[in-house]
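All the letters of the sequence shown, read from the start, carry residue numbers -4 to 321 under our numbering. Single-structure report; data block below.
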Amino acid sequence: MILPVPVQPEASELVIVLLLAYVLDIAVGEPPFAVHPVVWMGRLIGFFKKNIPKSNRRLYGIFIGLTTILFGCLIAYLTMLFMSIESIPAVLRYLVAAYFLKATFAIRCLYGAANEVRTELDAGKLDSARQKLSMYVSRNTSKLEEGQVSSAIIETTSENYVDGILSPLLFYACFGPYGLIAAYIFKATSTLDSMVGYTDERHLEVGWFSAKFDDVLNWIPARLSVLFLSAATLVVSLVYRKVKIPDYRTALKTGIMDGLKTPSPNSGFPMASIAGALKIKLEKPNTYVLGDGFVYPVSEDIKLTSWIILVASFFAIIASSLIIIL
């Protein structure tokens, strides 16, 4: 059986879809779970996780990975096929494509998570802040002090700038007419890593392929994030002068110097950049310290992190649009 080949979209159409996806994300946020493509991939992975064998776990993990990635490619392919049907009004085609592209990145969701924790800290509700935080990080939050709570949410917010925003946008931009497929390959891999890419006994072998492939796909975007976040820090420093002024030079310096101090080859770069930008210490106990010599963050630093991430996300949209056009 030969599958129909979608008509390749023009560069202008790809940019329109990208900008519409950005507007959808900022204005609406995440779609309901029932119609969320990433949730569909998560459910497929969850089904496979229920049937992990006792032997050949690494091979089974490769099977899970390739199957999920192919499923993601199918979603993107069907979307491209829909977009190429000229009898459907262009506005509808663009909106549908934008909806499925938007599912690969999450700017508003990332901002909302940080804001939830910050609101609880500002209200003096440390226990509630710990509980909110536990929804977004894997570490035990029950005994974290206020500075450690602030550190943890800043860490996850800055880390997710790469795999939740910058990487899928760059994959979409760099692969031209096949950019949506590339973005879904990345998103499937990222979802796999978040669900099976752990180092505990149950997941170590099963998640090996997903974790390694995720490291490969994020390698370049993670390092580019230092530039995006430093540039965003410069912009924020020009307009935000209430408590502290972010420092783009220290963001760049710390991002480069501390980027490889985490067990992950990629997550340290965006976290270290934020640590330098705000001159704060980000620490995961017994694992890593970024910005050593600085002070622990407070709730105001969470707010500043959110602003830097929002500006850096806008820069990622602009850069992706320029890549498509050029």
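Note that CB positions come from ideal geometry on N, CA and C, so glycine has one too.
Just the Cα atoms here: how many angstroms apart are residue i and residue j?
{"i": "A311", "j": "G41", "result": "31 Å"}
{"i": "I269", "j": "E140", "result": "20 Å"}
{"i": "L229", "j": "V211", "result": "29 Å"}
{"i": "G171", "j": "G60", "result": "24 Å"}
{"i": "Y55", "j": "K248", "result": "42 Å"}
{"i": "T99", "j": "K256", "result": "28 Å"}
{"i": "K279", "j": "M75", "result": "42 Å"}
{"i": "G37", "j": "K97", "result": "17 Å"}
{"i": "L69", "j": "A217", "result": "27 Å"}
{"i": "L121", "j": "S185", "result": "31 Å"}
{"i": "R113", "j": "A168", "result": "33 Å"}
{"i": "E25", "j": "L19", "result": "9 Å"}
{"i": "S301", "j": "S316", "result": "23 Å"}
{"i": "D209", "j": "V12", "result": "25 Å"}
{"i": "S79", "j": "A118", "result": "51 Å"}
{"i": "V10", "j": "N261", "result": "28 Å"}
{"i": "G320", "j": "L175", "result": "Looking at the sequence provided, one finds Ile at residue 320 rather than Gly. Between I320 and L175, the C-alpha separation is close to 16 Å."}
{"i": "Y106", "j": "E295", "result": "14 Å"}
{"i": "I47", "j": "C104", "result": "31 Å"}
{"i": "L233", "j": "I64", "result": "42 Å"}
{"i": "A177", "j": "L165", "result": "9 Å"}
{"i": "K199", "j": "R53", "result": "According to the sequence shown, residue 199 is Leu rather than Lys. So the two alpha carbons sit approximately 8 Å from each other."}
{"i": "A93", "j": "N281", "result": "42 Å"}
{"i": "L116", "j": "Y131", "result": "16 Å"}
{"i": "A206", "j": "A6", "result": "33 Å"}
{"i": "T151", "j": "S82", "result": "44 Å"}
{"i": "A71", "j": "Y173", "result": "9 Å"}
{"i": "L161", "j": "T136", "result": "28 Å"}
{"i": "T62", "j": "F28", "result": "21 Å"}
{"i": "G286", "j": "A16", "result": "35 Å"}
{"i": "L277", "j": "L187", "result": "26 Å"}
{"i": "A267", "j": "L90", "result": "37 Å"}
{"i": "I318", "j": "I149", "result": "29 Å"}
{"i": "I21", "j": "A101", "result": "9 Å"}
Where does the unbroken alpha helix (DSSP H) through residue i begin, and where does it stop?
{"i": "Y179", "result": "174 to 191"}
{"i": "I215", "result": "203 to 234"}
{"i": "L164", "result": "162 to 169"}
{"i": "L252", "result": "According to the sequence displayed, residue 252 carries Met and not Leu. Residues 243 to 253."}
{"i": "L15", "result": "6 to 23"}
{"i": "A71", "result": "52 to 78"}
{"i": "I40", "result": "32 to 44"}
Please report whether the beta-carbon of residue i lies at a distance below 9 Å from any beta-carbon of chain C.
{"i": "F166", "result": "In summary, chain C is missing from the structure at hand, where a single protein chain is found."}
Entirely enclosed alpha helix (DSSP H) segments - the stretch 256 to 307, minimum 4 residues = 263 to 273
Could I get the ranges of all uninterrupted alpha helix (DSSP H) runs contained in the stretch 85 to 156, with 4 residues as the minimum, in chain order?
-> Whole alpha helix (DSSP H) segments, 4+ residues: 85 to 97, 102 to 117, 121 to 129, 141 to 156.
Is there contact between the stretch 221 to 235 and the stretch 300 to 319, where contact requires at least three CB pairs shorter than 8 Å?
-> yes
Evaluate the contact criterion for the stretch 232 to 244 versus the stretch 177 to 193: three or more CB pairs, one atom per stretch, below 8 Å.
-> no
Using 8 Å as the threshold, is the stretch 102 to 112 in touch with the stretch 121 to 131, meaning 3 or more CB pairs across them?
-> yes
Any 3 or more C-beta pairs closer than 8 Å across the stretch 137 to 154 and the stretch 279 to 294 | With a cut-off of 8 Å on Cβ pairs, the stretch 137 to 154 is in contact with the stretch 279 to 294, counting three or more such pairs.
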